[in-house]
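See below for the structure under consideration.
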Amino acid sequence: MAKEITNRTENYSQWYLDIVKKADLADNSAVRGCMVIKPNGYAIWENMRDQLDRMFKETGHVNAYFPLFIPKSFLSKEAKHVEGFAKECAVVTHHRLMNDPNGEGVIVDPDSKLQEELIVRPTSETIIWDAYRSWIQSYRDLPLLINQWANVVRWEMRVRMFLRTAEFLWQEGHTAHATRQEAMEETLRILDIYTKFAEEYMAVPVIKGIKTENERFAGADETFCIEALMQDGKALQAGTSHFLGQNFAKAFDVKFVNDKNEEEFVWATSWGVSTRLVGGLIMAHSDDSGLVLPPKLAPTQVVIVPIPKPSPEIGEVADKIMKALRDKGITVKYDKDDQKRPGFKFADHEMKGIPVRLGIGMRDLEKGQVEVARRDTKEKNFAPLDGVADYVAQLLDDIQQNLFNRALQFRKENTTRVDSFDDFRAIVETPKEGMPEAWGGGFISAHWDGTTETELKIKELTKATIRCIPLDAEEEEGQCILTGKPSKRRVLFAKAY
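Put into structure tokens, the structure is as follows:
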């Protein structure tokens, strides 16, 4: 099966698509720009969703659901917001079909034109803040901490499954607060949650930062983000948290009476991550044999394979192992398909990224042992049957940590400080030995003069963008790599998805 996957160094883009297909994660849709998420891929998203949902609820957030359709007039109320999304919107103009009088199937009924067009949700700030106007009256109604799990549509024809599709799944939080300080604290609290999720569950190290004005979410005062580095040297924006100030409150006239009996506009945040995290998971850890999953997000953490085929004796032992593992909260399955050889099963489970494989044959039973193979390093070992659940539990922790350490080391080795534009271009444009042919250059730390003009010029010349101004960036006197103008801190550049 591994032979069916393109080598990463030869064609990284095709390697990615091969894994999506061969690991049964997703498929193309009859609707251009959209994808079908298959059970294997959806199970990963469910694990992500469930863990994030727990983290949100631990900090006082609750879930709600808002309409898929948004009146067009709502998007006109916040000027920057509509400008940012206008070119990506799908628009509903009619509400009914009819039989074609010429017998050519169905057509749009010309008499069913809507009085006001509806926008298919690209994001929900407008429809939610219209609702908040009637929900919020007093400071006693605040803070309002609401999250929504939903789908959105942002018209996109350059499709890459999970990473860029016209329709995708996500969560979007929308909160309202009495003060600027509380809203900013919420914005950063969510950024910390995203960071913890990425690093402790996805095993992907990220850099927390703030977006430039040019890269800021449409309608936000500030946008904070986490940025991850993929194996081809390109960055992936893995989550964003926006401080919206009072922009949407003013646009939708959402006010509250404070404890001094004075009327004020509320302060707002919004934040979200999407199914592109599944794509990030693939690109951060997988290899030329298939998918590699961190145990904390793997739908099946352990698979037991009988060698050479199922038998009552092996089945009895497998049942005991599965019970011991499940008692520890470990997900496990027994592959008792008697039509496939062990070698085929090994390759199939390896392709799908199951972190640990246990092989049991009659000789193993005689020796009181089980063969243990770990997906991340492909190392094999033997563990005693007695205590195998404890052994596997520790191994899963080791795999989780190893994947994070490996990704962190990769990022360190591919983050470069530069002080001249010539050096900058050389890094971005020069393929790196042993890395994918379309090498992105990794993260580049460099000085920038703070102007959008320079930012856009660098992008035009190199295709690299400012991913963020790192929150831990120290003040440092320097000169912009392009203009030579003064700069007080370095920013992080990269080519990106």
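Numbering (the working numbering), first residue to last: 949 to 1445. From the three backbone atoms N, C-alpha and C, an ideal C-beta is built for every residue, glycine too. All values reported here derive from a predicted model rather than from experimental measurement.
Note to self: With the cut-off set at 8 Å, would you say C1416 and G1187 are in Cβ contact?
What the structure shows: The residue given as residue 1416 occupies position 468 in the sequence shown. The residue given as residue 1187 occupies position 239 in the sequence shown. If you check the CB distance, C1416 and G1187 do not come in under 8 Å.
Checklist line | A1321 - partner residues in DSSP beta bridges | finding: Residue 1321 sits at position 373 when you count from the first residue of the sequence shown. Partner(s): R1305, K1328.
Notebook entry, point to check: Between Q1119 and W1083, which are expected to be in contact by the criterion C-beta below 8 Å, what is the C-beta distance as a whole number of angstroms?
Noted result: Within the sequence shown, residue 1119 is the residue found at index 171, counting from 1. Within the sequence shown, residue 1083 is the residue found at index 135, counting from 1. Contact doesn't hold; Cβ gap of about 20 Å is too wide.
Checklist line | Nearest candidate by alpha-carbon position, reference W1219, set E1170, A1337, N1209, G1227 | finding: Here the question's residue 1219 lines up with position 271 in the sequence shown. Checked all of E1170, A1337, N1209, G1227; the closest Cα to W1219 is E1170.
Next item on the list: Would you decide whether S1060 is buried or exposed? Buried here means 16 or more other CB atoms lie within 10 Å of its CB.
Entry: Sequence index remark: in the sequence shown, residue 1060 carries index 112 (1-based). Counting the other Cβ atoms within 10 Å of the Cβ of S1060 gives fewer than 16, which makes it exposed.
Item checked: DSSP state of W963 mapped onto helix, strand, coil -> Along the sequence shown, read from residue 1 onward, the residue named residue 963 stands at position 15. Note: W963 maps to helix in three-state DSSP.
Margin query: Suppose contacts are defined by Cβ-Cβ distances below 8 Å. Is Y1303 in contact with R1274 by that definition?
Written below: Locating residue 1303 in the sequence shown gives position 355, where the first residue counts as 1. Locating residue 1274 in the sequence shown gives position 326, where the first residue counts as 1. A small correction: the amino acid at residue 1303 is Pro; Tyr does not occupy that position in the sequence shown. No, Cβ-Cβ distance for P1303 and R1274 is not below 8 Å.
Item checked: alpha helix (DSSP H) runs wholly inside the region 1128–1167, at least 4 long, in chain order -> 1128–1148
Next item on the list: Name, in chain order, the residues that DSSP records as bridge partners for Q1179.
Entry: Residue numbering aside, residue 1179 sits at position 231 when the sequence shown is read from its first letter. Answer by DSSP bridge pairing: none, since Q1179 is not bridged.
Checklist line | Residue interval of the alpha helix (DSSP H) (run including L1404) | finding: The count along the sequence shown starts at 1 and reaches residue 1404 at position 456. Per DSSP, L1404 belongs to the alpha helix (DSSP H) from 1400–1410.
Next item on the list: Just the C-alpha distance for P1260 and G1335, rounded to the nearest angstrom, thanks.
Entry: Locating residue 1260 in the sequence shown gives position 312, where the first residue counts as 1. Locating residue 1335 in the sequence shown gives position 387, where the first residue counts as 1. Whole-angstrom Cα-Cα distance: 22 Å.
Check: Do you know whose CA, among S1435, G1263, Q1179, lies nearest T1363's CA?
Finding: As a position in the sequence shown, residue 1363 is number 415, starting the count at 1. T1363 has its Cα closest to that of Q1179, out of S1435, G1263, Q1179.
Next item on the list: Provide the residue span of the alpha helix (DSSP H) that contains W1077, from first to last.
Entry: Here the question's residue 1077 lines up with position 129 in the sequence shown. First-last of the alpha helix (DSSP H) with W1077: 1073–1083.
Note to self: On the CB-based measure, 16 or more other CB atoms within 10 Å of its CB, does H1190 come out buried or exposed?
What the structure shows: For the purposes of this step, residue 1190 is taken as the residue at position 242 of the sequence shown. The residue is buried, with at least 16 neighbouring Cβ atoms inside 10 Å.
Notebook entry, point to check: If we ignore side chains and look at the alpha-carbon of each, how far apart do A1444 and R1437 end up?
Noted result: Taking the first residue of the sequence shown as position 1, residue 1444 is located at position 496. Taking the first residue of the sequence shown as position 1, residue 1437 is located at position 489. Cα to Cα, the separation comes out at about 21 Å.
Next item on the list: Could you tell me which residues DSSP puts in a beta bridge with T1378?
Entry: Locating residue 1378 in the sequence shown gives position 430, where the first residue counts as 1. DSSP output for T1378 lists no bridge partner at all.
Margin query: What does the Cβ neighbour count give for I985, buried or exposed, with the cut at 16 atoms within 10 Å?
Written below: Locating residue 985 in the sequence shown gives position 37, where the first residue counts as 1. Buried, by the Cβ-count rule.
Check: Based on the DSSP output, what are the partners of V904 in its beta bridges?
Finding: Because residue 904 is not part of the residues shown, which for the chain are 949 to 1445, the question remains open.
Checklist line | Short Cβ contact (8 Å threshold) for F1352 with A1151 | finding: Within the sequence shown, the letter at position 404 stands for residue 1352. Within the sequence shown, the letter at position 203 stands for residue 1151. Yes, these two residues count as a Cβ contact at 8 Å.
Item checked: Spatial neighbours of A1168 in its chain, beta-carbon cut-off 6 Å, leaving aside the 5 residues before and after -> Residue mapping note: residue 1168 aligns to position 220 of the sequence shown, counting from 1. Answer for A1168: H1190, L1192, listed in chain order.
Next item on the list: Counting only runs of 3+ residues fully inside the region 1009–1088, write out the beta strand (DSSP E) ranges in chain order.
Entry: 1017–1019, 1038–1042, 1045–1047, 1054–1056, 1061–1068
Next item on the list: Tell me, please, which residues DSSP counts as bridged to K1281.
Entry: Sequence index remark: in the sequence shown, residue 1281 carries index 333 (1-based). In DSSP, K1281 forms a bridge with V1251.
Check: Just curious, the alpha helix (DSSP H) that A1421 is in, first and last residue?
Finding: In the sequence shown, the residue the question calls residue 1421 occupies position 473. Premise fails: A1421 is in no alpha helix (DSSP H) and is neither H nor E.
Notebook entry, point to check: What separation, rounded to the nearest whole angstrom, lies between the Cα atoms of D1312 and K1293?
Noted result: For the purposes of this step, residue 1312 is taken as the residue at position 364 of the sequence shown. For the purposes of this step, residue 1293 is taken as the residue at position 345 of the sequence shown. The straight-line gap from Cα to Cα measures roughly 18 Å.
Next item on the list: Kindly indicate which residue of F1213, V1205, N1209, L1184 has the alpha-carbon position closest to the one of K1198.
Entry: Residue mapping note: residue 1198 aligns to position 250 of the sequence shown, counting from 1. Looking at the Cα atoms, F1213 is the closest of the given residues.
Margin query: Comparing C-alpha positions only, which one of D1346, G1053, L1229, G1390 sits nearest to R1365?
Written below: The sequence position of residue 1365 within the sequence shown is 417, counting from 1. It is G1390.
Next item on the list: Take the Cβ of R1164 as the centre, count every other Cβ of all protein chains shown within 10 Å, and call the residue buried at 16 or more, exposed below.
Entry: Within the sequence shown, numbered from 1, the residue matching residue 1164 stands at position 216. R1164 is buried by the Cβ-count criterion.
Checklist line | Distance between C1173 and P1185 (C-alpha atoms, nearest Å) | finding: Counted from its first residue, the sequence shown places residue 1185 at position 237. Counted from its first residue, the sequence shown places residue 1173 at position 225. Reading off the sequence shown, one finds Gln at residue 1185, where the question assumed Pro. One C-alpha to the other measures close to 7 Å.
Next item on the list: May I ask you to report which of helix, strand or coil DSSP gives A1444?
Entry: The residue labelled residue 1444 in the question sits at position 496 within the sequence shown. Three-state DSSP puts A1444 in a strand.
Check: Given 8 Å as the limit, is there contact between the region 1257–1271 and the region 1199–1211, that is, 3 or more CB pairs closer than that?
Finding: With fewer than three CB-CB distances shorter than 8 Å, the region 1257–1271 does not count as touching the region 1199–1211.
Notebook entry, point to check: Pairing CB atoms from the region 1422–1440 with CB atoms from the region 1392–1412, are three or more of them under 8 Å?
Noted result: yes
Notebook entry, point to check: Below 8 Å between beta carbons: does that hold for I1094 and H1233?
Noted result: Looking up residue 1094 in the sequence shown gives position 146. Looking up residue 1233 in the sequence shown gives position 285. Taking 8 Å as the Cβ cut-off, I1094 and H1233 do not qualify as a contacting pair.
Checklist line | D1201 (DSSP reduced to helix, strand or coil) | finding: Walking along the sequence shown from the start, residue 1201 turns up at place 253. Three-state result, D1201: coil.
Next item on the list: For the alpha helix (DSSP H) containing F1391, list its first residue and its last residue.
Entry: Residue numbering aside, residue 1391 sits at position 443 when the sequence shown is read from its first letter. Counting along the chain, F1391 falls outside any alpha helix (DSSP H), though it belongs to the beta strand (DSSP E) covering 1391–1395.
Item checked: Beta-carbon gap between N1195 and E1026 smaller than 8 Å -> Translated into the one-based positions of the sequence shown, residue 1195 becomes position 247. Translated into the one-based positions of the sequence shown, residue 1026 becomes position 78. Taking C-beta atoms as the reference points, N1195 and E1026 count as a pair closer than 8 Å.
Notebook entry, point to check: Can the beta-carbon of A974 be found closer than 8 Å to that of T1123?
Noted result: The residue given as residue 974 occupies position 26 in the sequence shown. The residue given as residue 1123 occupies position 175 in the sequence shown. For A974 and T1123, no; Cβs fall outside 8 Å.
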